[in-house]
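Novice: Heads up: the protein sequence lines correspond to chains X and Y, in order. Numbering-wise, my numbering comes out as the position in the first sequence, counting from 1, plus 43. Numbering-wise, my numbering comes out as the position in the second sequence, counting from 1, plus 43. Even glycine gets a Cβ: it sits at the ideal position worked out from N, Cα and C. From a predicted model like this one, the values you see are computed outputs, not experimental measurements.
2 protein chains.
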Amino acid sequence: MQDRKEQILDIAGELLQTRSFSSFSYQDVSDRIGISKASIHHHFPSKEDLGKALAARYRLSYLNKLEEITQKYENPWDQFEAYLTLVGEVVKSGNKICPVGSLQVEHNVISKDMQDEVHVTCRAVQSWLVGVLAEGQKKGVIVFPGTAEDQGVLIHSAIQGALQNARAEGPKQFTAVARQLRAGMNGRGKGKR
Amino acid sequence: MQDRKEQILDIAGELLQTRSFSSFSYQDVSDRIGISKASIHHHFPSKEDLGKALAARYRLSYLNKLEEITQKYENPWDQFEAYLTLVGEVVKSGNKICPVGSLQVEHNVISKDMQDEVHVTCRAVQSWLVGVLAEGQKKGVIVFPGTAEDQGVLIHSAIQGALQNARAEGPKQFTAVARQLRAGMNGRGKGKR
DNA sequence: GACAATCTACCAACTAGTAGGTATATTGTG
DNA sequence: CACAATATACCTACTAGTTGGTAGATTGTC
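Take a look at the structure:
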């Protein structure tokens, strides 16, 4: 049953986002899924295996969603708005944060393989953002100072921090960041886009 | 010996910033400090006590540093630059992140008391930033769209995320964010301040 | 003597991971 | 088709080690 593996990853993923990698145990997964702890080990021999699979699966699904956005909207500004909507859904869940942020905070605790997985995801997301920004700048629909690279890193960092702040301090921390990022890129209020 | 309590907090604080609250143990502190684990319990009966003291001490020292900045520089832009220098020192350490970020990621794992402590610190730092920004806007030395509140939340989130990204991905992630935050607030290159 | 700081020696609970076994499919081979 | 071999998915029961925390004795200092 391939579903079981996915089910384990679903639950482990939720625990990663609500707690942290080192704060959830095989027993937690076992309890929630209703099969024995040893059976979880059957599918993922070590916790590192589980973590690696978790990080890899997240990267694929996340980059896939970004790709969908790129194909659905041709206007870079709309793409950026769709990105904000996408990450905004994490805030709506009420008690989750970005898996990348969760793993980065445990950078010195996780294995090299997991670090690499997080690294690749991080680079890819930033690349996507930089692409959107550069295209938007070229078309004149997104305005910002400095380089698209710097702006991409800023947005990525701000969103990651905002998700963490939002869970601890309330969703307004996210909406404020989203609003301010928009305000800083639409030509300083010279119009509605 | 009051020094011992401080020494424990020093080491626990470093472990909080390099690993995470649930990823370090009394044994870790004991090993590094050279006294038995039971002796650590003598000073901080439970890990929650230790965590609370840690969060409280960090708040006091951090807010003190911000206060020093306010008094040392009268120009809000200089105050903001000093803030960037202050958090930049965390990046220089090579493997630390902001304690607030570390604790926020474990929000669902730590006690209510610790959550409250983090909350107060978070609010105070944002308040300080908003004050600097509002004053800078008034004097015309800091330029940004939207409200000072939103800009303060953006900066706080961006810096927090940047510190995490910088440890995992390298210091350039921080310098890029700092550069871009500056670029977005100095009147769009209309001058050097 | 009082008291703080420290120690050794413990405990129950939890951790990731293993050993050994069972029941049920799937697959290759005569 | 029949039947052995193999693989999958799961189980109970266990290991060795770590966790936060405690009890009680020892030491040093005012």
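Out of curiosity, what's the CA-to-CA distance linking aspartate 74 of chain X and phenylalanine 87 of chain X?
Specialist: Cα-Cα distance, rounded: 16 Å.
Novice: Would a check of beta-carbon distances place leucine 197 of chain X closer than 8 Å to chain Y?
Specialist: Yes - at least one Cβ of chain Y is within 8 Å of the one on leucine 197 of chain X.
Novice: Measuring alpha carbon to alpha carbon, tell me which of Y/Thr61, Y/Arg100, Y/Ser63 ends up nearest lysine 48 of chain Y.
Specialist: Here the closest residue by C-alpha is Y/Arg100.
Novice: Leaving out the 5 sequence neighbours to the left and right, which residues in its chain are closer than 6 Å to serine 104 of chain Y when beta-carbon positions are compared?
Specialist: So the list is empty, once near-sequence residues are dropped.
Novice: Counting only beta-carbon atoms, is glutamate 49 of chain Y nearer than 8 Å to chain X?
Specialist: Judged by the 8 Å Cβ criterion, glutamate 49 of chain Y is not in contact with chain X.
Novice: According to DSSP, is threonine 190 of chain X helix, strand or coil?
Specialist: In this structure, threonine 190 of chain X counts as coil in the three-state DSSP scheme.
Novice: Looking at the structure shown, is asparagine 151 of chain Y part of a helix, part of a strand, or coil, going by DSSP?
Specialist: Looking at asparagine 151 of chain Y - three-state DSSP - the assignment turns out to be coil, as it is neither helix nor strand.
Novice: Quick one: give me the first and last residue of the alpha helix (DSSP H) that lysine 95 of chain Y is part of.
Specialist: First-last of the alpha helix (DSSP H) with lysine 95 of chain Y: 90 to 115.
Novice: Is the beta carbon of alanine 98 of chain X less than 8 Å from the beta carbon of threonine 164 of chain X?
Specialist: In this structure, threonine 164 of chain X lies closer than 8 Å to alanine 98 of chain X by Cβ.
Novice: Where does glutamine 114 of chain X land, buried or exposed, given buried means 16+ other C-beta within 10 angstroms?
Specialist: That one is exposed.
Novice: Grouping DSSP H, G and I as helix and E and B as strand, with all else coil, what is arginine 62 of chain Y?
Specialist: Three-state DSSP puts arginine 62 of chain Y in coil, outside helix and strand.
Novice: Quick one: what does DSSP say glycine 213 of chain Y is sitting in, helix, strand or coil?
Specialist: In the structure shown, glycine 213 of chain Y sits in coil (DSSP, three-state: anything other than H, G, I, E or B).
Novice: Which bits of chain X does glycine 189 of chain Y rub up against, with CB to CB less than 7 Å?
Specialist: Near glycine 189 of chain Y (Cβ distances below 7 Å), the residues of chain X are Arg222, Gln223, Ala226.
Novice: Alpha carbons only, please: which of X/Gln122, X/Ser68, X/Lys139, X/Ile78 is nearest the one belonging to alanine 177 of chain X?
Specialist: It is X/Gln122 whose Cα lies nearest to the Cα of alanine 177 of chain X.
Novice: When you compare the CB positions of isoleucine 153 of chain X and phenylalanine 64 of chain X, do they come within less than 8 Å of one another, or not?
Specialist: Yes, these two residues count as a Cβ contact at 8 Å.
Novice: Name the two residues that bound the continuous alpha helix (DSSP H) containing valine 72 of chain Y.
Specialist: Counting along the chain, the alpha helix (DSSP H) containing valine 72 of chain Y begins and ends at 69 to 76.
Novice: Are the C-beta atoms of aspartate 74 of chain X and some chain Y residue less than 8 Å apart?
Specialist: So, not an interface residue.
Novice: Give me the residue from X/Glu124, X/His199, X/Val133 with the minimum Cα distance to alanine 167 of chain X.
Specialist: Considering only alpha carbons, the answer is X/His199.
Novice: Quick one: list the residues of chain Y neighbouring histidine 162 of chain X, beta-carbon separation under 9 Å, in chain order.
Specialist: Ordered by position in chain Y, the residues that pass the 9 Å Cβ test against histidine 162 of chain X are Ala211, Glu212.
Novice: Classify histidine 150 of chain X: buried if its beta carbon has 16 or more other beta carbons within 10 angstroms, exposed otherwise.
Specialist: Under this definition histidine 150 of chain X is a buried residue.
Novice: The alpha helix (DSSP H) that contains glycine 131 of chain Y, what's its start and end?
Specialist: From DSSP, the alpha helix (DSSP H) with glycine 131 of chain Y extends over 119 to 135.
Novice: Using the three-state DSSP reduction, which class does lysine 183 of chain Y fall into: helix, strand or coil?
Specialist: The residue asked about is misnamed: residue 183 of chain Y is glycine in this sequence, not lysine. Glycine 183 of chain Y falls in the coil class under three-state DSSP.
Novice: Does DSSP put methionine 157 of chain X in a helix, a strand or coil?
Specialist: Correct three-state label for methionine 157 of chain X: helix.
Novice: Kindly indicate if chain Y contains any beta-carbon less than 8 Å away from that of valine 168 of chain X.
Specialist: No, its Cβ sits nowhere closer than 8 Å to a Cβ of chain Y.
Novice: When the Cα atoms are used, what is the spatial distance from leucine 52 of chain X to aspartate 92 of chain X?
Specialist: Rounded to the nearest angstrom, the two C-alpha atoms are 11 Å apart.
Novice: Evaluate alanine 81 of chain X with the Cβ neighbour count: other Cβ atoms within 10 Å of its Cβ, from every protein chain shown; 16 or more gives buried, anything less gives exposed.
Specialist: Classification of alanine 81 of chain X: exposed, given that the 10 Å Cβ count is below 16.
Novice: Is the Cβ of glutamate 124 of chain X closer than 8 Å to any Cβ of chain Y?
Specialist: Answer no: the Cβ-Cβ gap between glutamate 124 of chain X and chain Y never drops below 8 Å.
Novice: What are the residues of the segment 128 to 146 of chain Y that lie near chain X, defined by any Cβ-Cβ distance shorter than 8 Å?
Specialist: So the list reads Asn138, Ile140, Gly144, Ser145, given in the order they occur along the chain.
Novice: Using a beta-carbon distance below 8 Å, is aspartate 156 of chain Y in contact with chain X?
Specialist: Not an interface residue.
Novice: From the beta carbon of histidine 150 of chain X, is the nearest beta carbon of chain Y less than 8 Å away?
Specialist: Yes, histidine 150 of chain X lies at the interface with chain Y (some Cβ there is under 8 Å from its Cβ).
Novice: Kindly indicate the opening and closing residues of the alpha helix (DSSP H) around isoleucine 83 of chain Y.
Specialist: Residues 80 to 86.
Novice: What did DSSP end up calling cysteine 165 of chain X once you bin it into helix, strand or coil?
Specialist: The answer is helix: DSSP assigns cysteine 165 of chain X an H, G or I state.
Novice: Determine the closest residue to leucine 197 of chain X out of Y/Val196, Y/Asp156, Y/Gly204, Y/Glu192, with distance taken between C-alpha atoms.
Specialist: Of Y/Val196, Y/Asp156, Y/Gly204, Y/Glu192, the residue nearest in Cα terms is Y/Gly204.
Novice: I want to verify the contact list: residues of chain X whose CB lies under 8 Å from the CB of asparagine 208 of chain Y, in sequence order.
Specialist: Under the 8 Å cutoff, chain X gives Gln147, Cys165, Val196, His199, Ser200, Gln203.
Novice: Kindly give me the distance between the Cβ atoms of glycine 137 of chain Y and alanine 221 of chain Y, rounded to whole angstroms, as I take these residues to be in contact under 8 Å.
Specialist: Not confirmed; about 17 Å, so no contact.
Novice: Let me make sure I understand the geometry here. Which of Y/Lys90, Y/Glu117, Y/Leu129, Y/Trp120 has the alpha-carbon closest to that of lysine 108 of chain Y?
Specialist: Lysine 108 of chain Y has its Cα closest to that of Y/Leu129, out of Y/Lys90, Y/Glu117, Y/Leu129, Y/Trp120.
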